[in-house]
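A quick write-up on the structure given underneath.
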Amino acid sequence: MPRATPLADPSLDQRALDRLRTTFGHGAFRGNQAEIVRHVASGGDALVLMPTGGGKSLCYQLPALLRAGTAVVVSPLIALMQDQVAALRQNGVRAASLNSSLDTQEAGRVQRAALAGELDLLYLAPERLLSEGTLGLLSRLGISLFAIDEAHCVAQWGHDFRPEYLQLSALHERFPAVPRIALTATADPQTRSEIIDRLALGDARVFISSFDRPNIRYAIVDKDEPRAQLLNFIQSHHPGDCGIVYCLSRRKVDETADWLVARGIHALPYHAGLDAAIRSLHQQRFQQEDGVVVVATIAFGMGIDKPDVRFVAHLDLPKSVEGYYQETGRAGRDGLPADAWMTYGMADVVQQRRMIDESEADAAWKRIAGAKLNALLGIAETAGCRRIPLLAYFGEASGACGRCDNCLDPPQTWDATEAARMALSAVYRSGQRFGMVHVIDILRGKSGERMQRWGHDQLSVFGIGTDHDETTWRAVFRQLVAQGLVAIDHQAHGALILTESSRPVLRGEQSLLMRRPRQTGRDSTLRKRANRRGSASTPPGHPPVGAAPTQGKALTSARPQHDALAADLLNNLKAWRLAEARRQSLPPFVILHDSTLIALADRRPADLQSLGSIPGIGVKKLERYGDALLAILTPPPP
Ligand code: ADP
Ligand code: ZN
1360 MPRATPLADP
1370 SLDQRALDRL
1380 RTTFGHGAFR
1390 GNQAEIVRHV
1400 ASGGDALVLM
1410 PTGGGKSLCY
1420 QLPALLRAGT
1430 AVVVSPLIAL
1440 MQDQVAALRQ
1450 NGVRAASLNS
1460 SLDTQEAGRV
1470 QRAALAGELD
1480 LLYLAPERLL
1490 SEGTLGLLSR
1500 LGISLFAIDE
1510 AHCVAQWGHD
1520 FRPEYLQLSA
1530 LHERFPAVPR
1540 IALTATADPQ
1550 TRSEIIDRLA
1560 LGDARVFISS
1570 FDRPNIRYAI
1580 VDKDEPRAQL
1590 LNFIQSHHPG
1600 DCGIVYCLSR
1610 RKVDETADWL
1620 VARGIHALPY
1630 HAGLDAAIRS
1640 LHQQRFQQED
1650 GVVVVATIAF
1660 GMGIDKPDVR
1670 FVAHLDLPKS
1680 VEGYYQETGR
1690 AGRDGLPADA
1700 WMTYGMADVV
1710 QQRRMIDESE
1720 ADAAWKRIAG
1730 AKLNALLGIA
1740 ETAGCRRIPL
1750 LAYFGEASGA
1760 CGRCDNCLDP
1770 PQTWDATEAA
1780 RMALSAVYRS
1790 GQRFGMVHVI
1800 DILRGKSGER
1810 MQRWGHDQLS
1820 VFGIGTDHDE
1830 TTWRAVFRQL
1840 VAQGLVAIDH
1850 QAHGALILTE
1860 SSRPVLRGEQ
1870 SLLMRRPRQT
1880 GRDSTLRKRA
1890 NRRGSASTPP
1900 GHPPVGAAPT
1910 QGKALTSARP
1920 QHDALAADLL
1930 NNLKAWRLAE
1940 ARRQSLPPFV
1950 ILHDSTLIAL
1960 ADRRPADLQS
1970 LGSIPGIGVK
1980 KLERYGDALL
1990 AILTPPPP
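The sequence shown begins at 1360 in the working numbering and counts up one residue at a time.
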């Protein structure tokens, strides 16, 4: 039942802006936040598609403060809910949550506060929503709006599917006059239409933001010695930083975490095979301590709300662009520079193809899964900007970003038509029964017992490929497999076989341009970049907030003294924040975000008024922490 659109309220925009400044300490709206807030605050339904870190929370939190009554927020994870509530309370907003972590007494207190009209926001776990008790409570509340966070949880084919979310449409039937706002960072069109369908949001206005994450720098390196490459990446770019390392299997998670710990990295494993208590302990340490690296399977996912994750590394290829984008999207939610780094090689292609081929699913599913994988392989293999195909996948056109590995250090391409012909021919002549290593040995004319046994040293293709080294041949085969010009026979121990598409290449009718493997196999791009900018967490190289930190340009400072002082101050501020967080049993970022601390250290406000103009410091935080911060920023003269 669509509601009439209420009359425009000219003072609404001003009130929204005032609230944004006084309560949240932000100077201006971002992207289409202002429009969304206006629409929802004046009673419209909305579906908001915004990337992680885009600022979705404000889109319902502000309308909740601008409308009379209590906003009911449905959020799938208790940890996420608790952080949100804590952050709101820090800003002086009257918020509480009802979830299974509360005992009866605490729950009773929250319910009484809600009924007394003392809550602006009430967070609810979805499994509670439709219980008689909750519905009874809701029917006695003046509800200002329903916010449905992580709305993609209704999508049945998505990896975050929550059956309870399907019942959310019942809420609308029961309270048809209450406006609703559904929010998600999942961008693909199928998920979008599933959300609209299942939540009956057909009349809602859809707000789509750009899905670009300009502060994330994408890099995909040729897999050589993945763990050593990872260690090198962490040590040279993110020492002491908080990050996530994704692996495909539980065993690899455990092994990688152990290996990193043995080399001095503060790493913790996380996967579904670990004891629930250990899992939650590791998640908690990640959330609450500085500089923890979690090594995880994709089981480590939706609950991660940490704004200062400085890198996400993949040791294995994800299944799809959606997966890659969602996982890498957990980096840099605070808008400061962050890295999405992946090692990628032939084994990844083989492994993912195999998982699809050997799955029990029907042909239609396999076709879709294959297409999704191919889209990701296209991004991994491209010699051009990574961001262009990445955003194109979500229907967004863009130009070269100037910040990914390929933009910063464009890979060489070469005409591989002839090499590809040789490769395919060697596969064919040896009977399509051998894996890559052996076929490369044939091409490179490596004689030996195996060659003689199979008579392969007698083949016309034996030794025709000595012009290229082994690394180059590996890259050739990987790209052939990635493009579907060669297939893998999983039944025959990974033998290479020809496909329909091989024919035109074999006949020389199709020319192929390929990317040359990078010389070292190590991440030379990043190293160059590191020399220019220092680590993301080291204050001296850190761009001052507001100074376009995302441009990836040279950041050598002209103010060494200022920087040394800022670094000192930042350390002191962090130490103070950690103590304060411990005192209140809250994660540090709930007290103040890194970006706020960096701005403080950089601008060194000397009185309460200028302190209040620092982003992230609203009226309440000024009142609460102003004096303590000034004491750190302006120490008394000796
Ligand atoms: P999402 O839920 O979309 O991932 P959040 O709502 O957590 O993102 O916001 C991400 C970060 O951006 C938070 O640190 C938040 O304080 C900040 N933020 C949101 N809106 C603004 C704004 N208008 N100005 C400055 N910072 C903002
Ligand atoms: Zn680029």
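All residues carry an ideal CB built from backbone N, CA and C; glycine is no exception. Quick caveat, the model's predicted, so the values are computed rather than measured.
With a cutoff of 6 Å, residue 1487 does not count as near the ligand ZN, since its C-beta is closer than that to no heavy atom of the ligand. For residue 1785 and residue 1821, the gap between their C-alpha atoms comes out near 8 Å.
Per the coordinates, the alpha-carbon of residue 1497 lies some 38 Å from the alpha-carbon of residue 1687. In this structure, the straight-line span from the alpha carbon of residue 1838 to that of residue 1740 is close to 7 Å. At a cut-off of 6 Å, the beta-carbon of residue 1825 does not count as near the ligand ADP: no heavy atom of the ligand is closer than that.
The beta-carbon separation of residue 1857 and residue 1840, rounded to 12 Å, does not stay under the 8 Å limit for a contact. Shown here for residue 1657: same chain residues with a beta carbon closer than 8 Å to its own, the five before and five after excluded, namely 1518, 1605, 1677, 1682, 1686 in chain order.
Under the Cβ criterion (8 Å, minimum of three pairs), the segment 1447-1467 counts as touching the segment 1967-1979. Of all C-beta pairs linking the segment 1854-1868 to the segment 1790-1803, three or more are shorter than 8 Å, placing the two stretches in contact. Pairing residue 1486 with residue 1523, the inter-Cα distance amounts to about 6 Å. Relative to the Cα of residue 1672, the nearest Cα in the group 1695, 1585, 1665 belongs to 1585. For the beta strand (DSSP E) assignment, the uninterrupted runs of no fewer than 3 residues enclosed by the segment 1422-1505 are, from N- to C-terminal side, 1429-1433, 1454-1457, 1480-1483.
Taking the CA atoms as reference points, residue 1371 sits about 21 Å from residue 1478. Across the structure, residue 1499 and residue 1474 are spaced so that their CA atoms are roughly 7 Å apart. An exposed status is given to residue 1863, since fewer than 16 other beta-carbon atoms sit within 10 Å of its beta-carbon. Not one heavy atom of the ligand ZN lies closer than 6 Å to the C-beta of residue 1606. Scanning the segment 1552-1627 for uninterrupted beta strand (DSSP E) segments of 3 residues or longer gives 1564-1567, 1575-1581, 1602-1605, listed from N- to C-terminal end.
Nearest in C-alpha terms to residue 1876, of all of 1666, 1969, 1866, 1836, is 1836. The segment 1754-1767 makes no contact with the segment 1792-1811: fewer than 3 CB pairs, one atom from each, lie closer than 8 Å.
Residue 1749 and residue 1417 have their C-alpha atoms spaced approximately 27 Å apart. Inside the segment 1834-1882, DSSP marks whole beta strand (DSSP E) runs of 3 or more residues at positions 1845-1848, 1854-1857, 1872-1874, from first to last along the chain. The straight-line gap separating the alpha-carbon atoms of residue 1967 and residue 1526 is approximately 48 Å. According to DSSP, residue pairing for residue 1781 in a beta bridge does not occur.
DSSP places residue 1707 in the helix class (H, G or I) of the three-state scheme. Excluding residues up to 5 positions away in sequence, 1734, 1735, 1752 lie with their Cβ nearer than 6 Å to the Cβ of residue 1680 in the same chain. Per the C-alpha coordinates, the member of 1412, 1645, 1467 positioned closest to residue 1573 is 1412. If you compare the alpha carbons of 1842, 1816, 1777 with that of residue 1827, the shortest gap goes to 1777.
Within the chosen limit of 6 Å, the ligand ADP reaches the beta carbon of residue 1388 through at least one heavy atom.
A Cβ-Cβ distance of about 5 Å is found for the pair residue 1626 and residue 1616, placing them in contact under the 8 Å criterion.
Given a length threshold of 4 residues, each whole run of the alpha helix (DSSP H) inside the segment 1706-1779 is given here in chain order: 1722-1740, 1746-1752, 1764-1767. The three-state secondary structure of residue 1821, taken from DSSP, is coil. Residue 1426 and residue 1504 do touch by the CB rule: their CB atoms are close to 6 Å apart, below 8 Å. Fewer than three pairs of CB atoms, one per stretch, sit closer than 8 Å, so the segment 1562-1573 makes no contact with the segment 1428-1440.
Distance from the CA of residue 1555 to the CA of residue 1743, rounded to the nearest whole angstrom, comes to 35 Å.
Taking 8 Å as the upper bound for CB-CB distance, residue 1579 and residue 1703 are in contact here, some 5 Å apart. In terms of CA proximity to residue 1951, 1937 leads the group 1963, 1482, 1937.
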